[in-house]
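Undergrad: Following this message is one structure expressed as structure tokens.
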Amino acid sequence: MDGWAHHLIIAPIALPLVAGALLAVYSERRQFLKGLINLVSTLSTLYIAIVLLQKADSSAASVYLLGNWPAPFGIVLVLDRLSALMLLLTSVLACAALIFSLARWHTAGAHFHTLFQFLLMGVNGTFLTGDLFNLFVFFEVMLASSYGLLLHGSGPRRVQASLHYIVVNLTASFFFLVGVSLVYGVTGTLNMADLAVRIPALSAENRMLLQAAAAILGIAFLTKAAMWPLGFWLLSAYPAAAAPVAAVFAVLSKVGIYVLLRLSPMLFGTPAGEGAGFGSTLLLAGGLATIAFGILGVLASQAMARIAGFCLLVSSGTLLAAVGLSDPEITGGALLYLVSSTLTIGAFFLLIELIERGQNPGADVIATTAEALRENEQGEDVEDGGEEGEVGTGYAGTPAILGACFVGCALLLIGLPPMSGFVAKLALLAALLAPAGQGAAAGIPMANWIFTVLLLLSGLAALLTLSRVGIRAFWAPVDAVIPRVLVVEFVPVIALLLLTLGLAIQGGPVMRYLDETARAVHAPSSYVERVLAAPRVPAPKVPGEAGR
Amino acid sequence: MMEFLLAISIGILAGSGVWLVLRPRTYQVIIGLSLCSYAVNLFIFSMGRLRSGAAPILSSRTGSLADYADPVPQALVLTAIVIGFATTALFLVVVLASRGLTGTDHVDGQER
Chain A
1 MDGWAHHLII APIALPLVAG ALLAVYSERR QFLKGLINLV STLSTLYIAI VLLQKADSSA
61 ASVYLLGNWP APFGIVLVLD RLSALMLLLT SVLACAALIF SLARWHTAGA HFHTLFQFLL
121 MGVNGTFLTG DLFNLFVFFE VMLASSYGLL LHGSGPRRVQ ASLHYIVVNL TASFFFLVGV
181 SLVYGVTGTL NMADLAVRIP ALSAENRMLL QAAAAILGIA FLTKAAMWPL GFWLLSAYPA
241 AAAPVAAVFA VLSKVGIYVL LRLSPMLFGT PAGEGAGFGS TLLLAGGLAT IAFGILGVLA
301 SQAMARIAGF CLLVSSGTLL AAVGLSDPEI TGGALLYLVS STLTIGAFFL LIELIERGQN
361 PGADVIATTA EALRENEQGE DVEDGGEEGE VGTGYAGTPA ILGACFVGCA LLLIGLPPMS
421 GFVAKLALLA ALLAPAGQGA AAGIPMANWI FTVLLLLSGL AALLTLSRVG IRAFWAPVDA
481 VIPRVLVVEF VPVIALLLLT LGLAIQGGPV MRYLDETARA VHAPSSYVER VLAAPRVPAP
541 KVPGEAGR
Chain B
1 MMEFLLAISI GILAGSGVWL VLRPRTYQVI IGLSLCSYAV NLFIFSMGRL RSGAAPILSS
61 RTGSLADYAD PVPQALVLTA IVIGFATTAL FLVVVLASRG LTGTDHVDGQ ER
């Protein structure tokens with residue numbers, strides 16, 4: 001029945017909510033059952049995300065009216081190509097992180113599975129919602145679970161990192177609230193599509209207030225996206241998190257970018273009149289500064305987790321600068337870069353934990369992690385007494401597989417063929433150096449040149465640093481301890497890397513989808529029309545009521 | 001007069017909150033965050049335009065909408081209060097854990 005297929009849009013929010021609530025009921029002793037429920041729910045979300053992606057690709061935006069209220073009055077969920085893409089990306093990364101965690105990490109603290117599901121719910125909600133205040137609510141659901149997950153595994157370092165992470169995010173939430181309420185005060189609506197209609201009609205003095213509101217909102221999103229002066233929190237938080245948590249967090253910083261990509265063309269696109277293009281110069285400059293900062297950080301770091309953190313900053317900066325340029329061609333390349341870099345950094349965070357497991361515990365930053373795990377393995381919660389000590393002799397082939405995975409990650413981060421990192425950078429550079437709109441006579445703007453140079457430099461910095469770190473980790477140790485790594489822990493890393501390889505091989509169809517996504521994002525009129533004209537589900541006929 | 005009072009109180013709350021958030025003790029940070037959230041909540045409320053003696057809920061079908069206060073900011077502020085309360089409680093737990101692990105209430109976990 002067609003009616004039920006319609007409800008699939010809310011499934012990526014409802015399913016993790018129900019699963020998370022169910023998981024909270026069972027005690028921590030039943031780890032196997034909890035893991036199973038979590039796995040089933042996450043895999044179903046992945047399947048739903050694939051179905052929704054096909055649905056989004058075949059038609060324009062589909063709208064789901066919550067509570068059957070018509071669009072500007074009620075809250076709407078909107079599924080279009082961009083949100084479907086982000087949903088799929090989140091579910092893929094979540095599956096990989098979850099399977100990785102099932103080997104041992106999920107027992108390192110309480111309520112891992114519950115928080116994991118609530119995090120998925122929050123992230124999926126932010127991608128689907130079409131209402132600014134609802135976006136705030138899902139942001140908070142996502143952040144509250146991320147506070148819990150960051151603490152997973154405990155230890156002084158994690159508690160310290162969470163303390164700062166929570167304060168920064170609470171403060172950013174205040175900015176979000178002030179911005180949202182100011183937008184409502186000026187325009188009288190919070191529906192994104194309705195805002196796009198009302199903003200061009202604003203009077204001059206109200207336009208100033210709206211731009212102030214957008215700037216305040218921007219601070220909240222840019223903090224989440226870790227733009228240069230606002231991104232300092234990321235480098236203490238992400239490397240401190242447990243490996244599967246850090247892998248999922250790789251998509252969290254993309255949430256801010258998603259919102260900027262969604263809102264800036266919709267609220268300040270070409271139809272917005274004189275206010276068009278508000279803030280894009282700042283996004284561009286901030287993005288370029290973030291890349292520069294990231295490059296310096298990548299070169300200066302010693303610990304692998306910090307390198308991954310700086311790589312995440314580089315990727316954020318690249319995306320912010322691409323959003324700032326607001327050109328459909330560049331956005332298409334940037335979307336491929338988004339998918340590719342998120343999968344890469346997720347895989348890299350997982351891999352780092354496996355590599356550093358073999359190194360001398362206590363000599364490196366991962367020491368607190370090892371402590372936390374050992375404490376827990378002595379604790380009463382662990383059922384399987386089979387595993388003693390995480391450092392010991394594993395399979396002889398382990399270093400070879402780890403090394404191969406590391407090379408794969410390095411190729412992706414540097415942007416060399418045959419992986420998708422190369423295709424993504426190529427697509428970005430091609431769009432940057434061939435501005436389609438103006439024609440050849442207009443020449444290439446200065447900003448594009450700077451962007452190109454920084455993008456290439458970031459690859460060089462990654463090449464230098466990753467060679468240095470790789471040699472130290474794999475070739476330099478004379479009597480290296482072979483880490484004990486389970487097959488379950490290899491599978492997600494290899495799967496993520498194969499997926500990026502697949503992205504490169506299937507580059508044609510993928511780019512077609514992403515280019516269409518980019519065009520739809522930059523021409524939001526059909527999105528706006530679909531939302532505002534969304535039909536209500538007709539009420540079932542009740543005998544005896546004539547209707548009003 | 002009402003507008004003046006509200007604006008001044010939002011300003012004082014936000015100013016004190018920001019000052020306290022920037023202090024080095026976790027207790028001061030918590031109080032600062034709470035004060036900031038009060039300021040933000042009052043601000044959201046004020047975005048529905050200040051007026052006294054008007055209900056936000058329709059009581060009869062007659063009359064004009066101008067007789068009623070805007071219900072949306074009131075709904076928003078309720079949500080914001082609940083969420084702010086929950087996250088502050090969560091933060092309090094982390095602060096206590098940090099105090100237990102490090103033995104100090106400095107935000108960096110060590111005296112500078």
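From first to last, the protein sequence lines stand for chains A and B. Position one of the first sequence corresponds to residue 1 (our numbering), numbered consecutively onward. Position one of the second sequence corresponds to residue 1 (our numbering), numbered consecutively onward. We put the CB at the ideal spot given by N, CA and C, even for glycine.
Using a beta-carbon distance cut-off of less than 8 Å, what residues from the stretch 168 to 185 of chain A approach chain B?
TA: Hits within the stretch, in order: L170, T171, S173, F174, L177, V178, V180, S181, L182, Y184 and G185.
Undergrad: Quick check on Y395(A): does DSSP put it in helix, strand or coil?
TA: DSSP places Y395(A) in coil when its eight states are reduced to three.
Undergrad: The alpha helix (DSSP H) spanning R496(A) covers which residue range?
TA: Checking the displayed sequence, the identity of residue 496(A) turns out to be Leu instead of Arg. Run containing L496(A): V487 to I505, per the alpha helix (DSSP H) assignment.
Undergrad: Would a check of beta-carbon distances place P73(B) closer than 8 Å to chain A?
TA: Closer than 8 Å: yes.
Undergrad: Along the chain, where does the beta strand (DSSP E) that runs through L65(A) open and close?
TA: Taken as a continuous stretch (DSSP letters only), the beta strand (DSSP E) holding L65(A) covers S62 to L65.
Undergrad: Determine the chain A residues that contact A97(B) at a beta-carbon separation under 7 Å, and present them in chain order.
TA: Residues of chain A passing the Cβ test: V159.
Undergrad: In or out: D515(A) buried (at least 16 other Cβ within 10 Å) or exposed?
TA: Buried is the call here.
Undergrad: Just checking: is the beta-carbon of V76(A) within a distance shorter than 8 Å of some beta-carbon in chain B?
TA: No, its Cβ sits nowhere closer than 8 Å to a Cβ of chain B.
Undergrad: Does the distance from the C-beta atom of A571(A) to that of W105(A) stay below 8 Å?
TA: Because chain A here runs from 1 to 548, residue 571(A) falls outside it and cannot be looked at.
Undergrad: So who's on the other strand from H106(B), going by DSSP bridges?
TA: In DSSP, H106(B) forms a bridge with R25(B).
Undergrad: Any heavy atom of the ligand HEM closer than 7 Å to the Cβ of S52(B)?
TA: Absence of the ligand HEM is noted for the structure shown, with no ligands found whatsoever.
Undergrad: Closer than 9 Å by beta-carbon distance: list the chain A residues that pair up with S59(B), in chain order.
TA: In chain order: nothing, as chain A lies at least about 18 Å away.
Undergrad: Just grab the DSSP bridge partners of D131(A) for me.
TA: Its beta-bridge partners are N191(A).
Undergrad: What three-state label does DSSP hand T78(A) in the structure shown?
TA: The displayed chain sequence assigns Val, not Thr, to residue 78(A). It is a strand residue.
Undergrad: Drop a sphere of 10 angstroms on the beta-carbon of P399(A), count the other beta-carbons inside from all chains shown, and report buried for 16 or more, exposed for fewer.
TA: Buried is the call here.
Undergrad: Let's test the definition: count the other Cβ atoms within 10 Å of the Cβ of R512(A) and tell me whether it reaches 16, buried, or not, exposed.
TA: Exposed, by the Cβ-count rule.
Undergrad: May I have the straight-line CA-CA distance separating I116(B) from E140(A), to the nearest angstrom?
TA: In the structure as shown, chain B begins at 1 and stops at 112. Residue 116(B) is therefore absent and cannot be evaluated.
Undergrad: Would you decide whether P445(A) is buried or exposed? Buried here means 16 or more other CB atoms lie within 10 Å of its CB.
TA: Under this definition P445(A) is an exposed residue.
Undergrad: Which bits of chain B does V137(A) rub up against, with CB to CB less than 8 Å?
TA: Simply T79 and I83.
Undergrad: Since T102(B) meets chain A, which of its residues come closer than 9 Å, beta carbon to beta carbon?
TA: Within chain A, the residues near T102(B) are P156, V159 and Q160.
Undergrad: Measure the alpha-carbon distance for A520(A) versus R81(A) and round it to whole angstroms.
TA: The straight-line gap from Cα to Cα measures roughly 8 Å.
Undergrad: Does the beta carbon of F133(A) sit closer than 8 Å to a beta carbon anywhere in chain B?
TA: F133(A) counts as touching chain B.
Undergrad: For my contact list, S181(A) and I44(B) are in at a C-beta cut-off of 8 Å; report their separation, rounded to the angstrom.
TA: Going by Cβ atoms, the distance from S181(A) to I44(B) rounds to 4 Å, so yes, they are a contact pair.
Undergrad: Can you check whether the CB of V339(A) is closer than 8 Å to the CB of L532(A)?
TA: Taking 8 Å as the Cβ cut-off, L532(A) and V339(A) do not qualify as a contacting pair.
Undergrad: Any C-beta of chain A sitting closer than 8 Å to the C-beta of G15(B)?
TA: For G15(B), the answer is no, since every Cβ of chain A falls outside 8 Å of its Cβ.
Undergrad: When you compare only the Cα positions, how much space is there between A431(A) and G443(A)?
TA: Approximately 13 Å between the Cα atoms of the pair.
Undergrad: Go to V314(A), then tell me how far its alpha helix (DSSP H) extends in each direction, as first and last residue.
TA: First-last of the alpha helix (DSSP H) with V314(A): M304 to L325.
Undergrad: Using the rule of at least 16 other Cβ atoms within 10 Å of the residue's Cβ for burial, across every protein chain shown, is G53(B) buried or exposed?
TA: Label assigned to G53(B): exposed.
Undergrad: With C-beta atoms as the reference, is L234(A) less than 8 Å away from A246(A)?
TA: Taking 8 Å as the Cβ cut-off, L234(A) and A246(A) do not qualify as a contacting pair.
Undergrad: Under a CB-based cut-off of 8 Å, is I12(B) close to chain A?
TA: So, not an interface residue.
Undergrad: At least one CB of chain B closer than 8 Å to the CB of I330(A): is that the case?
TA: It does not; no Cβ of chain B falls within 8 Å.
Undergrad: Within the same chain, show all residues whose beta-carbon is closer than 8 Å to that of R51(B), passing over the 5 residues directly before and after it, in chain order.
TA: Here the set comprises A69.
Undergrad: Any contact of the stretch 114 to 123 of chain A with the stretch 139 to 155 of chain A, i.e. 3+ C-beta pairs under 8 Å?
TA: The stretch 114 to 123 of chain A vs the stretch 139 to 155 of chain A: in contact.
Undergrad: What does a CB cutoff of less than 6 Å around S326(A) pick up in its chain, not counting 5 residues either side in sequence?
TA: S280, listed in sequence order.
Undergrad: Which one of P265(A), A289(A) and G287(A) has the shortest CA to CA distance from F278(A)?
TA: Residue P265(A) is the option with its Cα nearest to F278(A).
Undergrad: In chain A, what lies closer than 7 Å to S9(B) by C-beta?
TA: What S9(B) touches in chain A: nothing, since even the nearest Cβ is about 16 Å away.
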